[in-house]
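There are 2 protein chains.
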Amino acid sequence: MSVSGKAAGIKDVALAAGVSVATVSRVLGNGPVSEALRKRVEEAVRATGYRPNLSARRLRSQHSQTIGLVVSDIRNPFFTAVSRAVEDAAYRAGMRVILCNSDENPEREELYLRLMQEERITGLIFAPTRATLDRPDGLDLDFPVVLIDRNAPTGRHDAVVLDNPRAAAMLVEHLHAQGYRRIAGLFGNTSTTGQERHEGYRAAMAAHGLPPAARFLAPYADAAEEAVVDWMAEQDRPEAFIVSNSLFLMGVVKAARRLKLPIPDGLAVAGFDNEPWTELVGPGLTVIEQPVQDIGRSAMALLFERLEAPDRPSRRLVLGGTCIVRGSTAARMAAAG
Amino acid sequence: MSVSGKAAGIKDVALAAGVSVATVSRVLGNGPVSEALRKRVEEAVRATGYRPNLSARRLRSQHSQTIGLVVSDIRNPFFTAVSRAVEDAAYRAGMRVILCNSDENPEREELYLRLMQEERITGLIFAPTRATLDRPDGLDLDFPVVLIDRNAPTGRHDAVVLDNPRAAAMLVEHLHAQGYRRIAGLFGNTSTTGQERHEGYRAAMAAHGLPPAARFLAPYADAAEEAVVDWMAEQDRPEAFIVSNSLFLMGVVKAARRLKLPIPDGLAVAGFDNEPWTELVGPGLTVIEQPVQDIGRSAMALLFERLEAPDRPSRRLVLGGTCIVRGSTAARMAAAG
DNA sequence: AGCCGAACTGTAATCGTTTTCACTGAATGC
DNA sequence: GCATTCAGTGAAAACGATTACAGTTCGGCT
Numbered sequence: 001m002s003v004s005g006k007a008a009g010i011k012d013v014a015l016a017a018g019v020s021v022a023t024v025s026r027v028l029g030n031g032p033v034s035e036a037l038r039k040r041v042e043e044a045v046r047a048t049g050y051r052p053n054l055s056a057r058r059l060r061s062q063h064s065q066t067i068g069l070v071v072s073d074i075r076n077p078f079f080t081a082v083s084r085a086v087e088d089a090a091y092r093a094g095m096r097v098i099l100c101n102s103d104e105n106p107e108r109e110e111l112y113l114r115l116m117q118e119e120r121i122t123g124l125i126f127a128p129t130r131a132t133l134d135r136p137d138g139l140d141l142d143f144p145v146v147l148i149d150r151n152a153p154t155g156r157h158d159a160v161v162l163d164n165p166r167a168a169a170m171l172v173e174h175l176h177a178q179g180y181r182r183i184a185g186l187f188g189n190t191s192t193t194g195q196e197r198h199e200g201y202r203a204a205m206a207a208h209g210l211p212p213a214a215r216f217l218a219p220y221a222d223a224a225e226e227a228v229v230d231w232m233a234e235q236d237r238p239e240a241f242i243v244s245n246s247l248f249l250m251g252v253v254k255a256a257r258r259l260k261l262p263i264p265d266g267l268a269v270a271g272f273d274n275e276p277w278t279e280l281v282g283p284g285l286t287v288i289e290q291p292v293q294d295i296g297r298s299a300m301a302l303l304f305e306r307l308e309a310p311d312r313p314s315r316r317l318v319l320g321g322t323c324i325v326r327g328s329t330a331a332r333m334a335a336a337g
Numbered sequence: 001m002s003v004s005g006k007a008a009g010i011k012d013v014a015l016a017a018g019v020s021v022a023t024v025s026r027v028l029g030n031g032p033v034s035e036a037l038r039k040r041v042e043e044a045v046r047a048t049g050y051r052p053n054l055s056a057r058r059l060r061s062q063h064s065q066t067i068g069l070v071v072s073d074i075r076n077p078f079f080t081a082v083s084r085a086v087e088d089a090a091y092r093a094g095m096r097v098i099l100c101n102s103d104e105n106p107e108r109e110e111l112y113l114r115l116m117q118e119e120r121i122t123g124l125i126f127a128p129t130r131a132t133l134d135r136p137d138g139l140d141l142d143f144p145v146v147l148i149d150r151n152a153p154t155g156r157h158d159a160v161v162l163d164n165p166r167a168a169a170m171l172v173e174h175l176h177a178q179g180y181r182r183i184a185g186l187f188g189n190t191s192t193t194g195q196e197r198h199e200g201y202r203a204a205m206a207a208h209g210l211p212p213a214a215r216f217l218a219p220y221a222d223a224a225e226e227a228v229v230d231w232m233a234e235q236d237r238p239e240a241f242i243v244s245n246s247l248f249l250m251g252v253v254k255a256a257r258r259l260k261l262p263i264p265d266g267l268a269v270a271g272f273d274n275e276p277w278t279e280l281v282g283p284g285l286t287v288i289e290q291p292v293q294d295i296g297r298s299a300m301a302l303l304f305e306r307l308e309a310p311d312r313p314s315r316r317l318v319l320g321g322t323c324i325v326r327g328s329t330a331a332r333m334a335a336a337g
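Chains L and H, in that order, are what the protein sequence lines are.
Number 315 in my numbering belongs to position 315 of the first sequence; there are no gaps in the numbering.
Number 201 in my numbering belongs to position 201 of the second sequence; there are no gaps in the numbering.
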């Protein structure tokens, strides 16, 4: 650490090493420099406590070495897990990550997209809100975009998503095999993910000749709780719920508790995202586990490929989920409907 | 959005508006410009789709308008909640946030601190690992630092922390009042937080003439699970556990389940962080709720005050926690020890 | 010996902004 | 009516790095 007042610049290093700034820059950037000078410069760097100024570097070299990551809910462990994977991959590639959280708020999201442009990011990994997805120019950006979790209907962008219909169908299959018939569904109304899961649910129910019964909710646990409480008061009350995210899972568990319905005998439930606590509540909750690690890594991989070949046609990577069976969907007891 | 190939710069805007670049810069930065020109420039900005280049702006103006946030575990909902609060406050002040996750890994942490310097951040909000805290020059950085969650023993830095000893003591008091006597403690060994909570635990136990029984663990749920399983096999097995974080809470619940001990009759438990799921497992888990929102906001406030008065003596803000009582610490049944 | 190319090195231009400084009119004060 | 301010404007100098270009040195080849 230098004792002088201001932070050392490349000029100070050059002076200390008795070379030109160009030479210093070259040893920093692995340019061709003789071993002797390289030694001297490295020594000077250490002595001055020099730290490159990334703003200057980025301005001059015209690439930011930065990738953006805009997620829709940072509290959702799915996204924190993905962002860790993305960050690891980025770091290994010598890139920085700017992580932003839109909170499902289109205005916030737009603000962050603008920020990304102003940062001149190299590429974006993006879980867009529905509003942005629906706007025809919502994804026309100055940099390559890889969508995660949510899918653009146009298919013009690279994307890596879960096989949502299949995953929802797996849950239906499982519940059906366990003896459940009146299976209801709760799906998020803010993302394509909810729609796709609903689609898989609907198809699987139809395949078994069962009537689907689905509702679409805002992404809050309370919404699910209320919906379940209401629903269970109706005639023909469901035996089981399939829900499309972990907030709803909480809501259903709360509702069951409020209604004093034991899980699974009073009410079975299955959902998405294998969060640590799903193992701990009640008899354990049956969930679809998403390959979060893979999703993050693959998104980065797609992004890098896109950067190398900007004109290659877009690709969608569809990953399978794993059904983690727990007590919340134990075989249905023979009982009166 | 311009149709031209390259992104528009301030020069293009100036050209389009028929003014000098200086004028454009001034309307962008609220400098003194006549109403007429301001109109023309704003129109030109819209027409060209101009977006400022933040690297250039930062380089020239010599302040980054960026604050750093280095947390030790992004999966910990405590930190995600804090970071949301920080980001909100920063955004309202027109600043950007760089969020980094050290994962309790000192090397990663150092790397990120270096990055912060290279980004020339305005200030840092920091939950340091113990290694960094113990190194005498670990917190000698080029910018103001506000510590959160963890506390430097030297007290040379601004900090906002929970009243950890008091919070742990609250749990002891509560358990004692509920009739528990053999109260064991599990504390994290990576942070000062664990130490402080242990200290409060120890003192409160002593105040009641109870013998303390504490162990320090690595921050994994499994570590806690094993510790509990082992411990419960010993003679003089604890009636209740106090744990210093939510990972340990999971571990204790898992252990209870493995040992077929009902909560709280077989084993009572209380911990920290009021995460949504703590309400749902077993009879509900008694926890200390931290004022996460407040912590984030206050950290930003301290940072801003420090920026305005760099030489003011350092200050520590100690916030109180709230004890959320749930079934996991229900009154002890009269039973054989 | 003389020439050529390879391997380094330094000078200076450049990246896209902000900001200093000088300058222009027009308005004000006497 | 003339000096004096003043608000608005533009030309050009930074900011701190990278990099194109032009030397310089040196070794090998003929």
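For each residue, glycine too, the CB sits at the ideal point set by N, CA and C.
Under the DSSP definition of a beta bridge, which residues are partnered with residue i?
i, result
"I242 (chain L)", "L:G185 and L:A270"
"V70 (chain H)", "H:C100 and H:F126"
"E147 (chain H)", "Residue 147 (chain H) is actually Leu in this sequence, not Glu. In the DSSP output, where bridge partners are listed per residue, L147 (chain H) has H:F126 and H:A159."
"E110 (chain H)", "E110 (chain H) pairs with nothing; no bridge assigned."
"I121 (chain L)", "Bridge partners of I121 (chain L): none, in fact."
"I324 (chain L)", "L:V287"
So, for residue i: in the same chain, excluding its five sequence neighbours on each side, which residues have a beta-carbon less than 6 angstroms away from its beta-carbon?
i, result
"R182 (chain L)", "P238 and E239"
"L99 (chain L)", "L69 and S83"
"A331 (chain H)", "Q178 and G179"
"R316 (chain L)", "A159"
"S298 (chain L)", "V160 and L317"
"R202 (chain L)", "P212"
"A85 (chain L)", "Q293, G296 and R297"
"A127 (chain L)", "V71, S72, I148, D149 and R150"
"A168 (chain H)", "R197, G200 and Y201"
"F304 (chain H)", "none"
"F248 (chain H)", "L186 and A224"
"E275 (chain H)", "P77 and S246"
"I74 (chain H)", "N101"
Comparing C-alpha positions only, which one of the options sits nearest to residue i?
i, options, result
"S314 (chain L)", "L:T154, L:V21 and L:E110", "L:T154"
"D88 (chain L)", "L:P276, L:I295, L:T329 and L:A309", "L:I295"
"A214 (chain H)", "H:S191, H:A177 and H:I242", "H:I242"
"D265 (chain H)", "H:A256, H:L37, H:D273 and H:G271", "H:A256"
"V229 (chain L)", "L:R96, L:N245 and L:A184", "L:A184"
"R197 (chain L)", "L:L162, L:H174 and L:G209", "L:L162"
"L267 (chain H)", "H:E275, H:N274 and H:R258", "H:R258"
"G188 (chain H)", "H:A218, H:Y201 and H:R166", "H:A218"
"L15 (chain L)", "L:D273, L:G31, L:V33 and L:E42", "L:E42"
"K6 (chain H)", "H:Y50, H:V292, H:S34 and H:R40", "H:Y50"
"A17 (chain H)", "H:A36, H:R40 and H:A8", "H:R40"
"T286 (chain L)", "L:H157, L:D311, L:K260 and L:N245", "L:N245"
"I263 (chain H)", "H:H176, H:R326, H:P136 and H:D311", "H:R326"
"P283 (chain L)", "L:A270, L:A131 and L:V45", "L:A270"
"S191 (chain L)", "L:K254, L:A131, L:K260 and L:H174", "L:A131"
Looking only at its own chain, which residues have a Cβ that is under 7 angstroms from the Cβ of residue i, when we skip the five neighbours before and after it?
i, result
"K11 (chain H)", "V21"
"A47 (chain H)", "A16"
Ignore the nearest five residues each way along the sequence and tell me which others in residue i's own chain have a CB closer than 8 angstroms to its CB.
i, result
"L307 (chain H)", "T122, G123 and P144"
"L141 (chain L)", "L113, M116, Q117 and L124"
"M205 (chain L)", "V172, I183, P211 and P212"
"M95 (chain L)", "Q65, T66, I67 and T122"
"G31 (chain L)", "S25"
"A8 (chain H)", "S2, T48, G49, Y50 and R51"
field: Segment contact, 8 angstroms Cβ cut-off, at least three pairs: the segment 16–29 of chain H with the segment 26–33 of chain L
entry: no
field: At least 3 beta-carbon pairs within less than 8 angstroms: the segment 56–69 of chain L vs the segment 107–127 of chain L
entry: yes
- request: Report yes or no: do the segment 220–230 of chain H and the segment 271–283 of chain H share at least 3 C-beta pairs separated by less than 8 angstroms?
  value: no
query: Which runs of the alpha helix (DSSP H) fall wholly inside the segment 152–238 of chain H and span at least 4 residues, in chain order?
result: 164–177, 192–207 and 221–233
- prompt: Looking at C-beta atoms only, is the number of pairs between the segment 78–97 of chain H and the segment 147–165 of chain L that lie closer than 8 angstroms three or more?
  reply: no
task: Decide if the segment 110–118 of chain L is in contact with the segment 318–327 of chain L; the criterion is three or more beta carbon pairs, one per stretch, under 8 angstroms apart.
output: no
task: Could you name each continuous alpha helix (DSSP H) segment of 4 residues or more that falls completely within the segment 260–321 of chain H, going from the start of the chain to the end?
output: 292–308
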